[in-house]
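Asker:
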Amino acid sequence: MTIQELEETANAIRQDVITMLAEAGSGHAAGSLGMADVLAVLYGAILHHQPRRPDWPDRDRLVLSNGHIAPALYATLAQAGYFPKRELLSLRQLGSRLQGHPERTRLPGLETSSGPLGSGLSQAIGMALAARLDGASWRTYCLMSDGEQNEGNTWEAAMLAGRERLDHLIAVVDRNHIQMDGPTEHVMPLEPLGDKYRAFGWHVLEVDGHNHRLLLDAFNTAKTVQAQPALIIAQTVPGRGVSFMERRFAWHGKAPNRAEADAALRELGAFRQPARTSRASR
Ligand SMILES: Cc1ncc(C[n+]2csc(CCOP(=O)(O)OP(=O)(O)O)c2C)c(N)n1
Ligand SMILES: [Mg+2]
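According to our numbering, the sequence shown is numbered sequentially starting from 2.
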């Protein structure tokens, strides 16, 4: 995919997220919108995967540790062709394959069930170790939120990945600076986050989580890291693309009502990445 196609996909993911949440009447808006670019880049240009063959043994695995942003993952999987887009409207319905948090056995394309925060990195390490034992070349990607960095289990896992020198493990932190009850630095200061992972043996990269070119570069660099797990700290804006949601922790776990959804979709219809000034600048 070209950068323009990736940006268009990310914007379509955002529009789908708004429509899904409004239809369900519940869900997590801020993190879902904030991670649309990372997900678009991963599924559009980085992961080795076959949407028509979700159980392909050599596929890269993606663990969504911050399971509450499931709407963004579902929209991404639908955009990639894992299942029909119309199914997105079944989010959070009784019996739906699209539960409020991902349920692995229901939906092709999901590698883990998630929702309880702080467990995904351990699961991803298990997968990366299994790949190593099998002599396989696929990679494991693990998306985490910054709120999850408050969980002790995350750091046990970080320590193990460093010791095991898991260079086929690439983790991403959605560094959006909010969690449920407020700014991360008020609830539990995380900085210097990158240095903490470095001290645990990780190769750490930091990137603007909305700049597709820089995200591509960061993932491609992470793939070249030898004998260390890689962490990409993606600086993102929660609620990205919807002015009245951006940077407001109140939108962490809230869905737009119909009027708010209409306003959000109008904004997203006109939304353009600031980095994209002209075609020639690409
Ligand atoms: C173990 C656990 N404790 C609490 C929760 C409830 N919870 C869900 S999301 C969330 C906020 C975490 O912050 P973050 O993931 O950074 O939120 P975001 O930036 O995505 O809005 C909390 C406390 C949970 N899902 N799992
Ligand atoms: Mg957060």
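Cβ atoms here follow ideal geometry from the backbone N, Cα and C, with glycine treated the same way.
A quick note: this is a predicted structure, and the numbers were derived from the prediction, not measured.
Quick check on the burial criterion: 16 or more other C-beta atoms within 10 angstroms. Buried or exposed for Met-36?
Answerer: Translated into the one-based positions of the sequence shown, residue 36 becomes position 35. Buried, by the Cβ-count rule.
Asker: Can you tell which of Ala-79, Pro-117, Asn-67 has the C-alpha that lies nearest to the C-alpha of Arg-15?
Answerer: Counted from its first residue, the sequence shown places residue 15 at position 14. Of the candidates Ala-79, Pro-117, Asn-67, the one whose C-alpha sits nearest the C-alpha of Arg-15 is Ala-79.
Asker: Pop quiz: Ala-13 and Ala-256 are said to be a contact at Cβ under 8 Å. What is the actual Cβ separation, rounded to whole angstroms?
Answerer: Residue mapping note: residue 13 aligns to position 12 of the sequence shown, counting from 1. Residue mapping note: residue 256 aligns to position 255 of the sequence shown, counting from 1. Ala-13 to Ala-256, Cβ: 19 Å. No contact.
Asker: Any chance the CB of Asp-147 is under 7 Å from a heavy atom of ligand 2?
Answerer: Walking along the sequence shown from the start, residue 147 turns up at place 146. Yes, the beta carbon of Asp-147 sits closer than 7 Å to at least one heavy atom of ligand 2.
Asker: Just how far apart, CA to CA, sit Ser-1 and Met-21?
Answerer: No answer is possible for residue 1: the residues shown for the chain start at 2 and end at 283.
Asker: Identify whether Gly-183 lies in helix, strand or coil by the three-state DSSP scheme.
Answerer: Within the sequence shown, the letter at position 182 stands for residue 183. The answer is strand: DSSP assigns Gly-183 an E or B state.
Asker: Just the Cα atoms here: how many angstroms apart are Val-226 and Ala-264?
Answerer: In the sequence shown, counting from the first residue as 1, residue 226 sits at position 225. In the sequence shown, counting from the first residue as 1, residue 264 sits at position 263. Computed Cα separation, rounded: 43 Å.
Asker: Hey, how far is the Cα of Pro-190 from the Cα of Leu-74?
Answerer: Taking the first residue of the sequence shown as 1, we reach residue 190 at position 189. Taking the first residue of the sequence shown as 1, we reach residue 74 at position 73. Rounded to the nearest angstrom, the two C-alpha atoms are 28 Å apart.
Asker: Count the other CB atoms within 10 Å of the CB of Leu-134; is the residue buried (16 or more) or exposed (fewer)?
Answerer: Indexing the sequence shown from 1 puts residue 134 at position 133. Looking at its Cβ environment, which holds fewer than 16 other Cβ atoms inside 10 Å, Leu-134 is exposed.
Asker: Which same chain residues, not among the five before or five after Ala-46, have their C-beta less than 7 Å away from its C-beta?
Answerer: Numbered from 1 along the sequence shown, position 45 holds the residue referred to as residue 46. So the list reads Met-2, Leu-7, Leu-217, once near-sequence residues are dropped.
Asker: Which residue's Cα is closest to the Cα of Leu-194: Ala-223, Gly-148, Ile-171, Leu-170?
Answerer: On the sequence shown, residue 194 is found 193 positions in, with the first residue counted as 1. The shortest Cα separation from Leu-194 among Ala-223, Gly-148, Ile-171, Leu-170 belongs to Gly-148.
Asker: Suppose you measure from the CA of Thr-278 to the CA of Arg-214; what does that come to, to the nearest Å?
Answerer: Position 277 of the sequence shown holds residue 278. Position 213 of the sequence shown holds residue 214. Note on Thr-278: pLDDT 42, under 50, position unreliable in the model; the coordinate value appears next. When rounded, the distance between both Cα atoms is 14 Å.
Asker: Helix or strand or just coil, what does DSSP make of Ala-276?
Answerer: For the purposes of this step, residue 276 is taken as residue 275 along the sequence shown, with counting starting at 1. For Ala-276, the predicted structure reports a pLDDT of 48, less than 50, and the residue's modelled location is therefore unreliable. A value from the coordinates is still provided. Reduced to three states, the DSSP call for Ala-276 is coil.
Asker: Look at the Cβ atom of Ala-71, then the Cβ atom of Gly-110, and state whether they are nearer than 8 Å.
Answerer: Residue mapping note: residue 71 aligns to position 70 of the sequence shown, counting from 1. Residue mapping note: residue 110 aligns to position 109 of the sequence shown, counting from 1. No.
Asker: Is DSSP giving Thr-141 helix, strand or coil here?
Answerer: Along the sequence shown, read from residue 1 onward, the residue named residue 141 stands at position 140. Residue state, collapsed to three classes: strand.
Asker: So, is Ser-131 buried or exposed, given that buried needs 16 or more other C-beta atoms within 10 angstroms?
Answerer: Reading the sequence shown from its first residue, position 130 is the one you call residue 131. A small fix is needed here, since residue 131 is Ala in this sequence, not Ser. Under this definition Ala-131 is an exposed residue.
Asker: Using three-state DSSP, classify Gln-150 as helix, strand or coil.
Answerer: Residue 150 sits at position 149 when you count from the first residue of the sequence shown. Residue state, collapsed to three classes: helix.
Asker: How about Asp-135: is its Cβ closer than 7 Å to a heavy atom in ligand 1?
Answerer: In the sequence shown, residue 135 corresponds to position 134, counting from 1. Not so, every heavy atom of ligand 1 lies at least 7 Å from the Cβ.
Asker: How many angstroms separate the CA atom of Ile-171 from the CA atom of Arg-241?
Answerer: The residue given as residue 171 occupies position 170 in the sequence shown. The residue given as residue 241 occupies position 240 in the sequence shown. When rounded, the distance between both Cα atoms is 24 Å.
Asker: Sort out for me which residues DSSP pairs Thr-65 with in a bridge.
Answerer: For the purposes of this step, residue 65 is taken as residue 64 along the sequence shown, with counting starting at 1. Reading the sequence as shown, one finds Leu at residue 65 and not Thr. Paired residue(s): Leu-144.
Asker: Over what stretch of residues does the beta strand (DSSP E) that includes Asp-175 continue unbroken?
Answerer: Taking the sequence shown and counting its residues from 1, the one referred to as residue 175 is at position 174. Looking at the DSSP string, the run of the beta strand (DSSP E) that includes Asp-175 is 170 to 176.
Asker: Would you mind listing the alpha helix (DSSP H) stretches within the region 22 to 82 that are 4+ residues and don't spill past its ends, in chain order?
Answerer: Counting only runs of 4 or more, we get 30 to 35, 37 to 42, 71 to 81.
Asker: Spatial neighbours of Gly-254 within its chain, please: C-beta separation below 6 Å, excluding the five flanking residues on both sides.
Answerer: In the sequence shown, counting from the first residue as 1, residue 254 sits at position 253. Within the same chain, Gly-254 has close Cβ partners His-29.
Asker: List in chain order: all unbroken alpha helix (DSSP H) runs of 4+ residues lying wholly within the region 228 to 271.
Answerer: List check, alpha helix (DSSP H) in window: 259 to 271.
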